[in-house]
Amino acid sequence: MLLRIWTSTFLTLSLLQLSQTVAAHARPHSIGPGPKVPGKIQSALFDCAFCHRAGEAPFGDIMDVKHLIKEGIIVPGRPNQSSLYKRIQKPKGDPQRMPPGKSGVADLKPEEEEAIRSWIESMDEDGNLKSPAAKPPLPASKPEAPAPEAQAAAEKITSPAAASALVVPLSEDQAYSAIQSDLDKLAPEDRQFTRYFTLADLKEKNLTAATIRDRRDGLSIMLNSLSWKPKIAVPEVVDRRGTVYRIDLRKYGWTPEKWEDLQKQNPFKASLDQKPATQQALQEKTGTLHPTARADWFVATASSSPVYDLLLDNPDTAKGLENKVGINVQKNIENEEVSRAGFRKSGVSANNRVIERHGSSHGAYWLSYDFQNSSGAQNIFAHPTDFEDKKAGGEVIYNLPNGMQAYALLNKDGKRLNEAPTSIVTDGGRKDGTVRSGISCFRCHANGLLHESDQLRKLVEDNKGSYSASVLAKVRALHPDDAEMKAILEKDSEVYRKALAKATGRAVAANKDLITPLVRSYEEDVSRDRVKAELGLTDTQSLVDFIARHSKEVPGIGIMKSCATCGIPRDEFDRIFPSLMEAKAGGKVAEARDRSKDDQTPLKDLPRGSIVKFTQTIPFRNTDPAEGVSFVFQGGREISASSMNFNKSVCILSYPKAVKKAEISEPVGKEHSLADIKDIPLFNISNNAPAGRRVSMYFKANPHEISLFCDSETTAHLTLADIRKITGGLLDFSLP
590 MLLRIWTSTF LTLSLLQLSQ TVAAHARPHS IGPGPKVPGK IQSALFDCAF
640 CHRAGEAPFG DIMDVKHLIK EGIIVPGRPN QSSLYKRIQK PKGDPQRMPP
690 GKSGVADLKP EEEEAIRSWI ESMDEDGNLK SPAAKPPLPA SKPEAPAPEA
740 QAAAEKITSP AAASALVVPL SEDQAYSAIQ SDLDKLAPED RQFTRYFTLA
790 DLKEKNLTAA TIRDRRDGLS IMLNSLSWKP KIAVPEVVDR RGTVYRIDLR
840 KYGWTPEKWE DLQKQNPFKA SLDQKPATQQ ALQEKTGTLH PTARADWFVA
890 TASSSPVYDL LLDNPDTAKG LENKVGINVQ KNIENEEVSR AGFRKSGVSA
940 NNRVIERHGS SHGAYWLSYD FQNSSGAQNI FAHPTDFEDK KAGGEVIYNL
990 PNGMQAYALL NKDGKRLNEA PTSIVTDGGR KDGTVRSGIS CFRCHANGLL
1040 HESDQLRKLV EDNKGSYSAS VLAKVRALHP DDAEMKAILE KDSEVYRKAL
1090 AKATGRAVAA NKDLITPLVR SYEEDVSRDR VKAELGLTDT QSLVDFIARH
1140 SKEVPGIGIM KSCATCGIPR DEFDRIFPSL MEAKAGGKVA EARDRSKDDQ
1190 TPLKDLPRGS IVKFTQTIPF RNTDPAEGVS FVFQGGREIS ASSMNFNKSV
1240 CILSYPKAVK KAEISEPVGK EHSLADIKDI PLFNISNNAP AGRRVSMYFK
1290 ANPHEISLFC DSETTAHLTL ADIRKITGGL LDFSLP
């Protein structure tokens, strides 16, 4: 899987089959009872498991020691008689060598080969290690220079001696308490930019400090992979258990508005909605109703487009991206200021392709030219300098200012895609088989860029008589020799590895992916134990009682009533989670909705008397904050061309405490102080209200959240699209 660097998304690959392997290998792995492959050996054999897994001939599952011994692949105590060891020792070019040269899998390092040899030598006849002293050595990894703040954060979580110690995460209430205490220590002007990530939902058995450390590092990698700031920013550990983390939005170049955009996707904010006192206390300090998010949900959501591109601010076009990183692809090609390599096939592609490097203001900018086939005008070997406009699409990998890598998928016209067409590429490890920008790239490039020799230049050089002098000269100018290209790739990879080290406080082991395991864990079907944990129930009987009481109200959970071992698909559980929290709180449960259809949903479809909340963080529209921000809400029959009649519609516009003052025309302007408006409706919309009533809001310094509450009893005939019209499109909204 070497060349997944550029084309992990535009090839027919089984990339996420490997992600399944990631999930499987996150814990000791074997089939049935028997000896387990030690963690260090799992790491060494990690990429081998892409092909050698259960049910795959001829080798079978490389992580099943019992099977390996039975088949004679391992001879305990005798590595030189074990085909596993013998084949990794074969010289390059030998057809028996593992991994095969054309597999796309990187060769094992000498220290990894030695670890495997020592492991086999230390086995007894059943495959167990003879003694603790005989355990294989840890494969060495190249040390980087971790950031001091990352090291300090890591030390708060774990030390080598405590890495295997079991950890009980803070409960949800404990986490909120820790967050409030932490906020009290911060300067008031910093709190509005402070947000938190938690692992409080995790009640997994055998959750170790080392596992928590991996999750913290995965969170840090994800955050810094979405940052345009020049420095790596490591999440601050709030509790010594390492289950609550603080970030400052400004350190990632994020605005409060971007956080709100993220929270619109978050089903778990419903948990805090059921704790009004806690929510109010946090809102008063941070200026937002939802200052927290689950780390696993965030990584799983933010690592996949469209949210990935939204948070990264990936431009919509190749030209926009080029402008953002300060390059001109066409000009660089004309000036022969690029480095190219071309291939007939690779471990992940059935068609030929070209990859191309440009220098950018932040480091490297790699792009690929991928094709529907390898014939005619799309045959790069027949047309080695004339293929750019024949491509079907491509992938971009580029450095962010902090050294991290970012990704984008493009179609043939240079328009950004959220996902690759399944006619070109499929991702066997994903449920829907679709390759998405972000998540389908992180695993492939966990340790930087990967290398495969340029076949195009070699073919042209070997067949000089078949090409014109100008083509030969241009190929030589654009295609560095193999040694030079390898050095270029290694240099660019080193930039990324150093950024990873700063983000995690450690040298990330070769090929160790800290994003995919977290995503895979989150996306697993939600078991009974996990439902119990995520709902904050204390014991199994409480869950059984809960299911019995609410399976009719929330049908999605009913499967667990008749099948104790059945899990709920993650996407379904996320959909019904707000309803489950309402049920737990004893409130009236509205049926979980398909939110994609909210715009055209009449409010009358909600239970009478329920409250629909419309929220948006409104930025300043004026250069002088003292001038305030004005919105016009129209009443009567004078709203757009549809001449809606609001009848007895009642809406309430509320402000946070940060509002300095408000003026409400009724119809004569009247100034209200903060004390006046704290708990009272600011305006009503009714058939008796004058059209064009103006409400002006004055803010102290920064954007703040504004909420519009409408009682569905009196606005039942309106749709959410109508509400958008009423507010001039300035307020977004969500249903409970």
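Each residue of the sequence shown is one higher than the last, beginning at 590 in the numbering used here. Here a beta-carbon is modelled for each residue, glycine too, at the ideal position from N, C-alpha and C.
For S1140, same chain residues with a beta-carbon under 7 Å away, outside a window of 5 residues either side, are I1146, G1147 and K1150 in chain order. Here DSSP, grouped into helix, strand and coil, assigns Q769 to helix. C-alpha of I1165 to C-alpha of P1144: approximately 9 Å in a straight line.
When DSSP states are grouped into helix, strand and coil, A1072 belongs to the helix group. With a beta-carbon spacing of about 6 Å, R1117 and L1132 fall inside the 8 Å limit used to define contacts. Taken through DSSP and simplified to helix, strand or coil, N1000 comes out as strand. Around N921, the same chain offers V927 and H947 as residues with beta carbons nearer than 7 Å, after the five sequence neighbours per side are excluded. About 5 Å separates the beta carbon of S814 from that of M993, a gap short enough to meet the 8 Å contact definition. For Q685, the secondary structure class from DSSP, reduced to helix, strand or coil, is coil. Here DSSP, grouped into helix, strand and coil, assigns L718 to strand. About 6 Å separates the beta carbon of T906 from that of R1005, a gap short enough to meet the 8 Å contact definition. In this structure, the beta-carbon distance from Y1085 to G1156 does not fall below 8 Å.
With 16 or more neighbouring CB atoms inside 10 Å of its own CB, V1115 falls in the buried class. Classified as buried, P665 has 16 or more neighbouring CB atoms from the shown chains inside 10 Å of its CB.
When C-alpha distances from I969 are compared across Y996, N940, L759 and H951, the shortest belongs to N940. Looking only at A995, A859, I709 and Q781, the smallest Cα-Cα distance to I836 is reached by Q781. By the neighbour-count definition (other C-beta atoms within 10 Å, threshold 16), T974 is a buried residue.
Excluding residues up to 5 positions away in sequence, R1025, G1027 and I1028 lie with their Cβ nearer than 6 Å to the Cβ of S893 in the same chain. In this structure, DSSP gives Y674 a helical state, which the three-state scheme calls helix. The alpha-carbon of E660 is positioned some 42 Å away from that of W886. Secondary structure note for W955: its beta strand (DSSP E) is the uninterrupted segment G952 to D959. For L861, the secondary structure class from DSSP, reduced to helix, strand or coil, is helix.
The beta carbon of L871 is closer than 6 Å to those of P880 in its chain, skipping five residues each way along the sequence. DSSP places D1128 outside both helix and strand once states are collapsed to three, so it counts as coil. As for any beta strand (DSSP E) of minimum length 3 sitting wholly inside the segment 880-909, the runs are 881-883, ordered along the chain. The continuous stretches of beta strand (DSSP E) do not include E849, which lies in the alpha helix (DSSP H) extending over residues P845 to Q852. The alpha-carbon separation between D771 and I801 amounts to approximately 20 Å.
Listed in chain order, the non-local C-beta contacts of D1081 below 6 Å within the same chain comprise A953 and L1038, local neighbours out to five positions each way being set aside. DSSP lists L718 as the bridge partner or partners of M712. Within the segment 1088-1154, the complete alpha helix (DSSP H) segments at least 4 residues long are 1105-1112, 1117-1124, 1129-1139 and 1148-1151, listed from N- to C-terminus. Here the alpha carbons of F1162 and Q763 stand approximately 24 Å from one another. Look at L1006 here: in three-state DSSP terms it is strand.
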